[in-house]
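*Asks:* Mind looking over this structure? Questions follow.
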Ligand SMILES: Nc1ncnc2c1ncn2[C@@H]1O[C@H](COP(=O)(O)OP(=O)(O)OP(=O)(O)O)[C@@H](O)[C@H]1O
Ligand SMILES: Nc1ncnc2c1ncn2[C@@H]1O[C@H](COP(=O)(O)OP(=O)(O)OP(=O)(O)O)[C@@H](O)[C@H]1O
Ligand SMILES: [Mg+2]
Ligand SMILES: [Mg+2]
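Protein chains in written order, with this note's numbering: chain A, 399 to 753; chain B, 210 to 460; chain C, 59 to 335; chain D, 17 to 317; chain E, 707 to 1212.
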C-alpha cells in the first residue's frame, strides 16, 4: 500500500519547551510570592496593633512616638510603603525587626534552622511510622490492627501539642531521664555549641557532626528526639490515615491481581506494586504536612524552649513587629513554594501519567 | 448534499515531547439518513474522528461541515440537539453516582424540556429496558443494559445524527444482537443518520451502507455495502481485514 | 493424565443484597489441550478461571469437591504453595489490560520482575527474554515498549504485553481471559498461532475464555458453554456449530455475518430452565 | 410494617421519592450493619443531646466560681470530673461547652470544605489561567501562617464566635481545594463528563452536578479528620481574644487554661482533652460510615 | 547538671529591646545593664532602699538644691582597660538626653534638653557637676541616678564604634562597655544571653565565671529543668509550679515583693464609670483576699495604694474588701439598681486572665456584667492610650526607685483634654482629672524634708484610693526557685534589677 506523507507539524524544540516550563514555573512562583507579600502587607495594616508602641514601649511620650513613626516610614502613603517593601525584598532586604533590632533575614537565619531540624526529623518520623501503619491497617481492614492504628492516629490528632509535650517531658525527661529537657542542647554543652563549634548550617546535629564534637551531637540528639517525636506524631497520624485510604483504593485494582497471578510474594504486591501507586497522591500529603511543620509550631517550640520560626513569627505578630512578620511570612511562603515544586517534581518522577 | 462532511481532516496530539498524528488527511461524507461505517486497525484514528466532530479532539487541519455549515467552537446547544454520541465503554460513560433517571433527565433539564417523567419512561421503553430500571444505579446494570441507557441518553434530545463508537464491542453476542437490532429499529423509526465505528466487519456490514477502511490514521478505501460481501475490495489492507474475518465467519 | 481436574466448583459472594452464586458446580478436566469457555457476559467465565488460581477477592468464597493441578490439591495447598504455582506453573492473561497493568511501572519492569525474583538471572538476560517475548506477540518496537508506561499503549498493545508477560515463565497451564478482544483480526490470528504452538509443541494446557463463539469453535479442541454459573453444554469445538443446547444455538444465531441479511438479528429467548441443573 | 420495608427495599422503585427514600433506607441498613459507624453516630447524637439539654443534665452552674472548692480531683463527691482553678465543676463546663463546640464544628465543617470544594473543582475543571489564578490564591492562603491570617480576619470583622468560625474556615479551606482539584483532574476526562458536555451542559451544571459528587468521599474523610484540629484552633483564637471569651465554657479554652496546672492537677486540661478525643473519634467513625453510604457502588449487587 | 562555674538562669527574656543603657528599659534588659555597668551612686542590693557609692566616691548638693557634685573614685577601669574619668560620667548622662530614647524622661524631668545638657552636666577634673533647672527633693534626684539609664559607659570605646552619629547606640545593642562585674559575651534575642566575669572588678571579682540566662517561656519546663538540676535558678515559674516545688529537697524558694502594681482603670469619659458611687462599688466588688489566697496565691499581695511596698510613703492599709451587698447599694445609689454592662480589656497572658476572671465573677455578683476582651499587649495598650477602653486591667512598674515615679503618672494630669495627648500619663489615659492632686504631686517632688514628703505621698494615696478613676488592687511578688546550693542571688526587689555578682554555688 502506498501512503502519501503529509508533512507532520514540527514538534517544538526541546529547548523551547524547557524554557517555557521554566518560565511558567518562575512566573507562577513570582505571582504567588507577590500575592503573599501583598496579603501580608495588608494584614499588617489591619491588625489593630500599633507597631510604634511595640518599639517605644509603654512609657514613651507622644513626641517620641511620632519620631519613631517617621523613622519607620509609617507616615508615608500605604502604596509607597508597599512599593519600598517589595523593592527591598527583591534586593534581599527584609527590613529590620522592631523587636530584636536586627535585620529580619539574620533573625530568620538564626531561628529557621531550628525549625527545619525539627520539622525534618518529625516528617521522617511521620513517614517512617505513618506509611507502615497505614499499609498495615489497609491490608487488614476492619481488624483490631486497623482500629488500633485509627485510634492512635486520632489520639494524635485530638491531643493538644502542649499536653503531649509536657507529658512527654515529665515522663521521658523528668522521670526516666532518657531525653534532654528543652533547648537544643544541655547547658553543659551549650557553651561549646555557641562559642567553639563553627556555625555552618545552624542545624545543631549537622554542625556538631561536622566539627566532630560527638558529645555535643549526642546531646543534641537527646534534645531533638522528644519534640520531633511529638510533632512527628501529628504527621504520622495524618499520613497513616491517608495511606490507609489510598492503599485500600489501590488494593482493589486489577493490577494487584495481575501481580498475584504472576506469583509475586505478598510483600512485593503491597510494598512495591501498590505502594508505588499510593506514593502518587501521598507525595502531596507528605509535602503539605512538611510545609506546615516548617511554619513552625509555636506551642511545641514554647514547651521545648526551641527557638524556632513559629515562636519568632508569633512573638513578632503580637508585638506588631511587621517587618519580622512580613519577613517570616515571606520565608515561610518561599519554603512552601519550594516544597510544592519539589513535590511536583517527585510527582512527575513517580507518576508517568503526569506530563 | 451530504449531511456530514469531513474534509481533509488531520488531528495531532501533543504527547510529552512527541507529536502524535492520530488522523491524517481523512475525508468522508455521510448523507442524511445514511449509516456510514468506519473500520480498521486498532489505534487507526477511528474514535478520534468522532471525537473531533464533537469537539472532544482538536481539528488540526481541514474542516468538518454539518449541513454545509462549518462547526462552531465550542459546539453550541444547537449542535448538541442535532448530534449525539454513544461512547465505546458503557462502564465509563455513565456517571456512577447518578441514577438512570438522573442520567436520562439531565439532557432535558439542560435544554429546559419539560414533561420529564413521560419522556424518561418512553426513552426506557424505546431501548427496551423495563421501567423498573429507572431508579437504579449503573452498577446495578449489566454492560448491555448500560449501553442501552447510553443510547437512550443520546436519543433524549432527538438528534438527527448519532455517532456510535464501537457500541457493541464490550458486549457479548446476544446482547450485541439486541443492541444492533435496537439501533436499526430506531434509525428506521426516526430517520437517524449513523456514523459508526467498529472493528468487526460483520457488524459494519450488517449495519452500514458505506464503509471506510482506515489504517495508521489514514483512509485506505471506501466501499459500498455490497462490495464487502462480494469481496471486491481494491486495497491490500482491506482485503487482509476481510480475509481474516471471513476466515472465521465461514469456518 | 489430565493436567487439571475440577469437580463441583462453586464461587459465592455474600453481599448486602444477598448471596450471589457466580459459579455453581462446574466440572471439567483438562489435558494438554485447548479448552474454550464461552458464555454471555456475567456467566462466570472469569470467576472460573480465577478460582483455579485461588484469586477470588473477598467477599467471594471458593468451594469445590476437587480441584487438582498436576497432582497438587489446589483447595488444600497453602498460600505459599499457591504462590509458587502462580506464574511459573499456572498463569492467567487478565481480561482488561487497561486496568491490569501497574500504571506506575515501566512495561519492562513488569515483564522481567518475575524472572528476576525467581530465577535470579541477570538483568540483561531477563531483558533479552522479555524482548523476545514481545517480539513473539508481534509488538513492532519491543525496545521502545520495554521503556514505555502502560498508559502509552493502545488497548491492543496492552493485551499483547499481558500475553507476553504470562508466557515468559513458560507455564504449564495458561488461562487466557478474553486475550484478543481488543485486537484487530489480523493481529489476532498471529497471537492465536503462538498459543497454538505452545500447546502443540510444549504440551501446555490452555483455557481460552471468550464470548466469541466462532473464534472458539475454530481455535479450541473442546468447548464449555456457560450460562448463569453453570456449564450447560460441553462439546467438541469442531461440532460447536451443531451444538444441541438452545442457548448455544441462540448465541450462534444472533451473530451478524458478512453478506448476511439486513433483517433483525435473531435474539436469544432465555428460558429459566437453562439455569437449572 | 412489612409492606413498608418492602416498599423501601423495592429494587425497582416506582417514583423518584420511593427511590430516594429507599436509597437512604438501604444506606441506613448498610450503616447500621457497621458497628463502628453506629458507635460514631451515637457519640455525635450524645453530643447533640448534651448540647440541647445542657441545663437539665449539668449538675452545677458552669460559670459560678467557688474559690474554696478549687482544683478538687475527679471523683470528689459532687464533682465527677473535679473542679478547675476557680472551683467550677469541670463536668458541667464540658456539658455546657458542647454547645459552643458543636456550633463551631458544625459551622466550620460546612463552610470550609464547601468553599474548598468549589475552588478546587472550578480550578480543576476550567484549567488554563483560571486554574492558575485560583491555585495561586490557594497557595498563598496555604502558605500563610494560619494564626496571622485568622488574626487579621478577626481584626477586620471584630471578635466573636461567628468571626472566629469564619477565620478558621478561611484558614482551612486550601487543603480541601487542592484535594478536590486533584480529584477533579482525574474525573474531568472521564467519558461521562464528555457525555454531559455533549448534551450542552454548562460548566456550572457539570461542576456542581457531576464533578463534585465524585470528590465528596475524600472530602468527608478529611473533614472528619480535621474536627479535633478545628476545636483546638478555636481554642487558640479564644486565647488571643478572638473567639469564645471567658467565662463561657469552651473545650479548647479549658484545655489551654488548664495547661498551667498540668503537672500537679492533670485533670483540669485532660478532661476536656478527652472530651475532644471522644467527639473527634465519633465524627471519624461516623465519617467513615457516611462515606460508604455516599458511594452507591459499595451497595453490592 | 550545670557547669560548676556557670550560673544558669531560666527566665523569660523576650522583652529585651536594647542593651544600650540609654535605651534599655525593659525588665530583662535592665538586669543586664545592672551587671555590666555601674552608676555614680547605686542602691545596696543587700539593704533595699539604701544608697551606696558607685563610681562616685562622694557627692554633695548645694544649699539651693540646684547643683550636685560627684567626686569620682580613682583607679577604676572599664572592661576595655580605659580608666574611668569624670568626662565619661558626664558624657554618659549627656548621651541619654541627646539620644532621647524612651527612658530619657527620667533625667529630662530635671530640666535637661539636648541643647542645654552640655551646660548643665559638666566634668571638671575628677568631679562631675550637675545643675538642675529647679530644686527637687535631693533623694528624688539621687534615686533617679540609680536607674539603669544613668550607667556610666566607656566613651572612648563607644565612640570608636559610632556609626552615623548614633553615639554607639547600634553597637551597644550587642556589646557592653562598662565597669561592671560582668561583660556581655553574647546575646541572642529571644533565646539567651551570656555574661562573662570581668577579672579585676573594683568591688572584687564575681564569684562565678559565667552567667547564662536562657529564654524558657514555659513554666512547667523551667520547673522540670530545675528539679533535674539542669538550671540553677528559675525566674519564670507560675504560682502553681512554685507551690508544687515546695518541699522539694534540693530546691528552695525565695520571694520578694516586686514593684508592679495591678489596677483597674475605669475610663472617666464613660458616663457610668464617671459616677463616684460606681467607682466605689467597683472597689467593694473585688475579692482582694480570695484572689491573693487562692488563684494568685504567692504571686500577688493586696496593695490599695499606687506605691509599691518598700517605697517612701507606701501604705500598708487595705480598707477595701469584698462586700457585694455594699457594692449593690452603691450601684443603686448611683441609679443602677440592676447593674450595667461593661467591657474590660486584658492582656492575654494567663496570670492576667485568671485575675480578670476572678474579678469578673465578683463584679458580676454585684450586678456589673463584665465582658472580657483579651488582646495582645500592644493592642490593649494602644486602646488605653487612645482612651478607648471602658474598664481595663493593667499593671504599672516604677521607672526609678522614687515615689514620684508613680505619683507623677497616677495622680498627676495637668491637662485632661484629648488634644493634650499626655499618653505617658496614666491619669490622662484614663481621662481622670486628679484636681488638686496634680499640685500636690508637684509639691511633693520638691519637698526636701523626707518625713514631710512621706506624709504627702501617704495623703495623696488615700485620696487617690478613695476617689479616683482607678482601683489599685495588687502588688506582684517575685517567686524565685533556686537549687539549694545557690546563694547570694538578689532579684532586686521593687527596683527589679537582679545582681549576679554575689551569687555562689557550693
Ligand atoms: N489525547 C491523546 N493524546 C495522545 N494521543 C492520543 C490521544 N487520543 C488518541 N491518541 C492516539 O491517537 C491514535 C488514534 O486513536 P483512536 O482512539 O482514534 O484509535 P481507534 O481507531 O479508535 O482505536 P481503537 O479501535 O483501539 O479504539 C492512537 O495512536 C492514540 O494513541
Ligand atoms: N465482588 C462481587 N460481588 C458480587 N458479585 C460478583 C462479584 N464479582 C463478580 N460477581 C458476579 O459473578 C458473576 C460472574 O462474573 P464473571 O466476571 O466471571 O463473568 P464473565 O463470564 O467473565 O463475564 P464477562 O464476559 O463480562 O467478563 C457475575 O454475575 C458477577 O456479577
Ligand atoms: Mg476507539
Ligand atoms: Mg470476564
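Virtual Cβ for every residue (Gly too), placed ideally from N, Cα, C.
1. Does DSSP put residue 440 of chain A in a helix, in a strand, or in coil?
2. In the stretch 711-731 of chain A, which residues sit with their C-beta less than 9 Å from some C-beta in chain D, listed in chain order?
3. Which one or two residues does DSSP pair with residue 920 of chain E in a beta bridge?
4. Residue 423 of chain B bridges to which residues according to DSSP?
5. Look at the alpha carbon of residue 142 of chain C and the alpha carbon of residue 661 of chain A, and state the distance between them as a whole number of angstroms.
6. Taking only three categories from DSSP, how would you classify residue 545 of chain A?
7. Output needed for residue 88 of chain C: all residues of its chain with C-beta closer than 7 Å, excluding positions within five of it in sequence on either side, in chain order.
8. Would the C-beta of residue 101 of chain C count as close to ligand 2, meaning under 6 Å from any of its heavy atoms?
9. What is the DSSP secondary structure of residue 732 of chain E, reduced to helix, strand or coil?
10. Sort out for me which residues DSSP pairs residue 889 of chain E with in a bridge.
11. Does the Cβ of residue 269 of chain C lie closer than 6 Å to at least one heavy atom of ligand 2?
12. Can you tell me which of the three DSSP states residue 1005 of chain E falls into?
13. Strictly below 7 Å CB to CB, what residues from chain B border residue 93 of chain D?
14. What residue range is occupied by the uninterrupted alpha helix (DSSP H) comprising residue 111 of chain D?
15. Does any C-beta atom of chain D lie closer than 7 Å to the C-beta of residue 926 of chain E?
16. For residue 77 of chain C, count neighbouring Cβ atoms within 10 angstroms of its own Cβ and tell me buried if that reaches 16, exposed if not.
17. For residue 251 of chain B, which residues in chain D fall below 9 Å Cβ to Cβ?
18. Relative to the C-alpha of residue 211 of chain C, which candidate in C:257, C:93, C:240 has its C-alpha closest?
19. Using a Cβ-Cβ cut-off of less than 8 Å, give me the residues of the stretch 579-608 of chain A that come near chain E, in sequence order.
20. I'd like to know whether the C-beta atoms of residue 855 of chain E and residue 727 of chain E end up nearer to each other than 7 Å.
21. Mind checking who residue 960 of chain E pairs with in its DSSP beta bridge?
22. Return no unless some Cβ of chain C is closer than 7 Å to the Cβ of residue 256 of chain B.
23. Pull up the DSSP beta-bridge partners for residue 1048 of chain E, would you.
24. Taking all protein chains shown into account, do 16 or more other C-beta atoms lie within 10 angstroms of the C-beta of residue 199 of chain C, making it buried, or fewer, making it exposed?
25. From the DSSP output, read off the bridge partner residues of residue 1168 of chain E.
26. State yes or no: is the beta carbon of residue 404 of chain B nearer than 7 Å to at least one beta carbon in chain D?
27. Quick one: any contact between the stretch 619-636 of chain A and the stretch 644-664 of chain A, if contact means 3 or more CB pairs under 8 Å?
28. To the nearest angstrom, how far is the alpha carbon of residue 431 of chain B from that of residue 371 of chain B?
29. Under 7 Å, Cβ to Cβ, is there at least one residue of chain A near residue 1056 of chain E?
30. Any chance the CB of residue 80 of chain C is under 6 Å from a heavy atom of ligand 2?
31. State the beta-bridge partners of residue 406 of chain B as determined by DSSP.
32. When the distance is taken between beta carbons, is residue 513 of chain A closer than 7 Å to residue 505 of chain A?
33. Nearest to residue 1210 of chain E by CA position, among E:939, E:1134, E:845, is which residue?
34. Would you say the beta carbon of residue 71 of chain C is closer than 6 Å to some non-hydrogen atom of ligand 2?
*Replies:* In short:
1. Shown here, residue 440 of chain A sits in a helix according to DSSP, grouped into three states.
2. 711, 712, 715, 716, 723, 726, 727, 730, 731
3. E:716, E:898
4. B:249, B:428
5. 6 Å
6. Three-state result, residue 545 of chain A: helix.
7. 60, 61, 62, 263, 265
8. Yes, ligand 2 has a heavy atom inside 6 Å of this Cβ.
9. coil
10. E:902
11. yes
12. coil
13. Residues of chain B passing the Cβ test: none, with the nearest at roughly 55 Å.
14. Where residue 111 of chain D is concerned, the enclosing alpha helix (DSSP H) starts and stops at 106-142.
15. yes
16. exposed
17. Residues of chain D passing the Cβ test: none, with the nearest at roughly 18 Å.
18. C:240
19. 579, 580, 581, 584, 585, 586, 588, 589, 592, 593
20. For residue 855 of chain E and residue 727 of chain E, yes; Cβs fall inside 7 Å.
21. E:1186
22. no
23. Looking at the DSSP assignment, residue 1048 of chain E forms a beta bridge with E:1076.
24. exposed
25. According to DSSP, residue 1168 of chain E bridges with nothing at all.
26. no
27. No, the stretch 619-636 of chain A does not touch the stretch 644-664 of chain A.
28. 20 Å
29. no
30. yes
31. In the DSSP output, where bridge partners are listed per residue, residue 406 of chain B has B:247, B:374.
32. With respect to residue 513 of chain A, residue 505 of chain A sits apart: the two C-beta atoms are not nearer than 7 Å.
33. E:939
34. Yes.
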